[in-house]
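Below is one structure, written out as structure tokens; comments come after it.
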Amino acid sequence: MSEISFDDFMAVDIRVGTITRAEDFPEARKPAIKLWVDFGDEIGEKKSSAQITAHYSPDALVGKQVIGVVNFPPRQIGPVRSEVLILGLHDAEGGVVLVRPDHPVANGERLC
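Here's what the structure looks like:
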């Protein structure tokens, strides 16, 4: 694994946001959920597509805080323009578990 500098790390803008809306994404090639995430006044609401259906349903996600990279360029995923990369980890069964704060924090707070 190659090392990066602290400046390289700081170039990745990782923030916390709250899911305001979530919907099934049947048009996706792999099972996914469309998300709308509020990253606070500075960044606003961003859309994303996440392959997290193994452990999450749209209804259960609304109101949950997640961690996302907000400075990647947008990516077109079928009919959805994904504006943020929501972070997750694969579990032993291959499903994705969301990276989330264990206490509420203000939307838009940057990872430090």
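Sequential numbering from 1 applies to the sequence shown in full-length UniProt numbering.
No residue lacks a Cβ here, since even glycine has one placed at the ideal position from N, Cα and C.
Quick caveat: nothing in here was measured; it's all calculated off a predicted structure.
Where the beta strand (DSSP E) through E45 begins and ends: As a first step, residue 45 is located in the sequence shown; it is residue number 45 there, counting from the start. Counting along the chain, the beta strand (DSSP E) containing E45 begins and ends at 45 to 50.
Pair within 8 angstroms by beta-carbon distance, A50 and L35: Taking the first residue of the sequence shown as position 1, residue 50 is located at position 50. Taking the first residue of the sequence shown as position 1, residue 35 is located at position 35. Yes, the pair counts as a contact, with Cβ atoms nearer than the cut-off.
Residues that V37 bridges to, as DSSP identifies them: As a first step, residue 37 must be located in the sequence shown, where it is residue number 37. DSSP lists I19, K46 as partners of V37.
Best match in A22, T18, F6, I14 for proximity to P58 [C-alpha to C-alpha]: As a first step, residue 58 must be located in the sequence shown, where it is residue number 58. Closest option to P58, Cα to Cα, is A22.
Three-state class that DSSP yields for L87 in the structure shown: Within the sequence shown, numbered from 1, the residue matching residue 87 stands at position 87. Coil, per DSSP.
C-alpha gap between V69 and E42, whole angstroms: Taking the sequence shown and counting its residues from 1, the one referred to as residue 69 is at position 69. Taking the sequence shown and counting its residues from 1, the one referred to as residue 42 is at position 42. Computed Cα separation, rounded: 14 angstroms.
Endpoints, alpha helix (DSSP H) assigned at L61: Here residue 61 refers to the residue found at position 61 when the sequence shown is read from its first residue. 58 to 61 is the extent of the alpha helix (DSSP H) around L61.
Proximity below 8 angstroms, CB of V16 to CB of P101: By 1-based counting over the sequence shown, the position of residue 16 is 16. By 1-based counting over the sequence shown, the position of residue 101 is 101. In this structure, P101 lies closer than 8 angstroms to V16 by Cβ.
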